[in-house]
Amino acid sequence: MDIAKKLSTGFRFYYGWIIVAVALISMAFWMGIRTSFSVFYVALLEDFPWSRGGSAGVQSMALITYSFMAPLVGGLIDRFGPRRVIAPGILILAVGLMLCGRIESLTQFYIFYGVVAGTGISCIGIVSYSAILAHWFEKKRGLASGIAVSGIGLGTFLLVPMSQSFITMWGWRMTFTITGCLVLIILVPANALFLRHKPEELGQHPDGLNSPDLNKKNHPKDKPNHKKDIDWTLKKAFYTMRFWALILFPSVGVIGIFIILVHNVKFLVDQGVDKMTAAFIFAVVGILSSIFRVFWGWLSDHISRELTYTLGIICACLGVGSLLLFEIMGSRMFIYGFSIFFGMGWGVTAPMFMAVAADLFKGRIFGLIYGCVEAGIGIAGAFGAWIAGFIFDKTQSYQAVFVLVIVAFLLSGIFIWLAAPRKYRGVG
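Per the numbering used here, the sequence shown starts with residue 9, numbered consecutively.
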């Protein structure tokens, strides 16, 4: 009997929460590595004569790679299950990070980080675990998604200051190598031993209920909605407005998210904040986002996803507005506003991306459909990471950049209302 079956039968608890834990740990590395780019970015700009736009483009390259890989990863998980896809991806990620410790040119950085590591990181991202969690949870989908993606903020909280500390002590080359080793030591065993695709593999049902019928009985207020039972194909999805609204609401929002993720540390350093303090501020943003990912996910199970996301986006706009005021007025009090409000607002994004997609398209090929969503997110993130550097190179200021971020967030809030997940959840 394997470990998963021993845990699910011997201790008689719902194994879906183990899946959530594995997703949390994996996505901590997924986003921790991505956000740590901001401190490597500062170190590399000091060692090499690269422009901000050109070097930020490495993150854009990684996101473009992710955009190509996300539908493939989702489709492969639908067909072969998660362990056969995720474990090889972890190995590729580790190799890519270790190779980054040996770069001597911007071209090598684009290849090793943007392509090799970008390919591997696609396998431990939100698309992989969305394709799994959609089968394990229905009524508690928002909460489970929120807990899982709280790893995103936790990874930022841990890996950003850790990377900065290691860079200070041993340099960025050794730090890349250490990060690759941690990926191997922690993620390979967690995913290879504990991941399972669907609750039926262990004789369980979604949410830990005894049967699908009991699921219905425990929620008598839910309105039946047969639209949820469509046997989706990619072609069917393409011909629906909700699919394109689903693509747009996270993608437009991610333009703003990645502008901040890539450039906030460098912006703070430019304003006279020392590097370690800037990394710590970003870490605080990460841990706050983790707390609020759980909160927003729970809240969305009790009110509409649309209203939950709107509240979060308002917080994110207040956070970015604080950075804008900091550049204009110079008062460091605005840094506190950024860390609190942006942490709150960033926290609403991933759980709503996952939960809304599953509300609208859960089914046999959900992994492929969500992979397409993540492809749009990757392209948007790549654009955001690059455009901010480009605008700064032209204007020597981030003011126009921060205005762009706020506009992107507000547009994202409109698109979730057009996706209208409340119509397919039987809420409102």
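All C-beta atoms, glycine included, are put in the ideal place defined by N, C-alpha and C. What you are looking at is a predicted structure, and each value in this text was computed from that prediction instead of being measured.
Find the nearest neighbour of residue i within the set the options, judged by alpha-carbon distance.
i, options, result
"residue 119", "260, 328, 101, 44", "101"
"residue 28", "281, 108, 136, 187", "136"
"residue 212", "24, 422, 415", "24"
"residue 326", "311, 346, 315", "346"
"residue 109", "95, 398, 178", "178"
"residue 36", "168, 384, 333, 349", "168"
"residue 243", "125, 380, 322, 123", "380"
"residue 378", "353, 254, 344", "254"
"residue 370", "56, 125, 214, 123", "214"
"residue 418", "320, 300, 53", "320"
"residue 26", "74, 207, 275, 353", "207"
"residue 48", "216, 252, 263, 272", "272"
"residue 83", "44, 372, 116, 252", "372"
"residue 426", "274, 261, 251, 353", "251"
"residue 46", "322, 117, 172", "172"
For residue i and residue j, I'd like the C-alpha separation in whole angstroms.
i, j, result
"residue 78", "residue 195", "19 Å"
"residue 133", "residue 298", "16 Å"
"residue 2", "residue 205", "Because the chain spans 9 through 436 in this model, residue 2 falls outside it and cannot be assessed."
"residue 232", "residue 238", "Interpretation of residue 232 is limited by its pLDDT of 42, a score under 50 that renders its predicted location unreliable; the figure taken from the coordinates is listed afterwards. For residue 232 and residue 238, the distance between alpha carbons rounds to 13 Å."
"residue 189", "residue 163", "16 Å"
"residue 111", "residue 210", "46 Å"
"residue 247", "residue 366", "18 Å"
"residue 415", "residue 431", "27 Å"
"residue 259", "residue 159", "20 Å"
"residue 226", "residue 147", "Bear in mind that the predicted position of residue 226 carries a pLDDT of just 44, short of 50, making it unreliable; the figure below should be weighed with that in mind. Near 10 Å, if we compare the C-alpha coordinates of residue 147 and residue 226."
"residue 413", "residue 311", "27 Å"
"residue 1", "residue 363", "Lying outside 9 to 436, the shown extent of the chain, residue 1 is not represented and no answer is given."
"residue 376", "residue 93", "13 Å"
"residue 91", "residue 332", "44 Å"
"residue 309", "residue 32", "19 Å"
"residue 236", "residue 170", "Residue confidence is low: residue 236 scores 47 on pLDDT, short of 50, so the model does not pin down where it sits. Its coordinate-derived value is still stated next. For residue 236 and residue 170, the distance between alpha carbons rounds to 44 Å."
"residue 176", "residue 183", "10 Å"
"residue 66", "residue 329", "27 Å"
"residue 240", "residue 368", "10 Å"
"residue 318", "residue 39", "23 Å"
"residue 324", "residue 138", "23 Å"
"residue 361", "residue 387", "16 Å"
"residue 186", "residue 107", "11 Å"
"residue 157", "residue 280", "32 Å"
"residue 105", "residue 343", "31 Å"
"residue 99", "residue 193", "10 Å"
"residue 85", "residue 200", "14 Å"
"residue 149", "residue 54", "45 Å"
"residue 245", "residue 382", "15 Å"
"residue 74", "residue 384", "10 Å"
"residue 103", "residue 338", "42 Å"
Does the distance from the C-beta atom of residue i to that of residue j stay below 7 Å?
i, j, result
"residue 30", "residue 145", "no"
"residue 71", "residue 390", "yes"
"residue 60", "residue 397", "yes"
"residue 277", "residue 283", "yes"
"residue 335", "residue 407", "yes"
"residue 161", "residue 295", "yes"
"residue 423", "residue 256", "yes"
"residue 142", "residue 374", "yes"
"residue 131", "residue 97", "yes"
"residue 394", "residue 125", "no"
"residue 122", "residue 69", "yes"
"residue 409", "residue 399", "yes"
"residue 263", "residue 421", "no"
"residue 197", "residue 313", "no"
"residue 352", "residue 300", "yes"
Determine, for residue i, whether the minimum Cβ-Cβ distance to residues of chain B falls below 7 Å.
i, result
"residue 266", "Absence of chain B from the displayed structure is noted, only one protein chain being present."
Original post:
In chain order, which continuous runs of the beta strand (DSSP E) of length 3 or greater are located wholly inside the stretch 254 to 290?
Top reply: none
Original post:
Are the stretch 257 to 276 and the stretch 147 to 155 touching by the rule of at least three beta carbon pairs closer than 8 Å?
Top reply: no
**OP:** Decide if the stretch 302 to 312 is in contact with the stretch 350 to 362; the criterion is three or more beta carbon pairs, one per stretch, under 8 Å apart.
**Re:** yes
Subject >> Segments assigned beta strand (DSSP E), at least 3 residues, entirely inside the stretch 55 to 106 >> reply: none
Original post:
Hey, which unbroken runs of the alpha helix (DSSP H) at 4 residues or more fall wholly within the stretch 134 to 183?
Top reply: 134 to 144, 149 to 178
**OP:** Only counting runs of 4 or more residues, tell me where the alpha helix (DSSP H) segments fall wholly within the stretch 350 to 386, in order along the chain.
**Re:** 357 to 369
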